[in-house]
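Notes follow the structure.
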Amino acid sequence: MIKGEKILSYVKYYHEIESEYREKLAESKRKSDVREVFINILIKFLSNVDSSIDQSFAEYIEFDGESFRFKTPLKEKIEKLAKNSDLFPIIERIFESAKNRYLRIENDENSDYFNLKK
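Each residue of the sequence shown is one higher than the last, beginning at 1 in full-length UniProt numbering.
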């Protein structure tokens with residue numbers, strides 16, 4: 001990036017979905033719930049950034065708890081939007097919250113399993 005070049009900021013859109021996202025993550029009881037919340041909130045955020053992105057793009061997001069990835073055509077749209085913007089760090093922040101919740105649920109499931117074996 002060139003010094004003095006303007007950067008687009010999507011923080012405003014993140015703040016619009018942030019409290020709803022935290023509430024829904026906290027309510028998630030299963031790993032599949034976390035996956036669903038992550039994808040739905042990410043689509044909601046991205047549709048605020050670019051109105052051409054809608055719920056039909058949800059199928060182009062993969063999330064397994066440890067990582068996530070975008071498939072084409074969503075990947076191409078995001079790469080365009082991310083040029084000279086803070087989009088990737090915001091998406092990473094959304095992912096980290098989901099990842100932490102996913103791992104917490106996984107850890108609780110493992111603890112419950114071993115407690116049942118006693």
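Yeah, the Cβ is synthetic: ideal placement off N, Cα and C, and Gly gets one too.
Owing to the predicted nature of the structure, the values given are computational and were not obtained by experimental measurement.
Inter-segment contact for the region 12-27 and the region 54-72 is absent: fewer than three beta-carbon pairs are separated by less than 8 Å. Under the three-state reduction of DSSP, residue 62 is assigned to strand.
Look at residue 32 here: in three-state DSSP terms it is helix.
Non-local C-beta neighbours of residue 102 in its own chain, meaning closer than 6 Å and more than five positions away in sequence, comprise 31, 34 and 65, ordered along the chain. Per DSSP, the beta-bridge partners of residue 85 are 8. Beta-carbon to beta-carbon, residue 71 and residue 60 are separated by about 4 Å, close enough to satisfy the 8 Å threshold.
Per DSSP, the unbroken beta strand (DSSP E) holding residue 68 starts and ends at 68-70. Going by beta carbons, residue 91 and residue 78 fall inside the 9 Å limit. The alpha-carbon separation between residue 68 and residue 98 amounts to approximately 10 Å. Between the alpha carbons of residue 105 and residue 13 lies a distance of about 28 Å.
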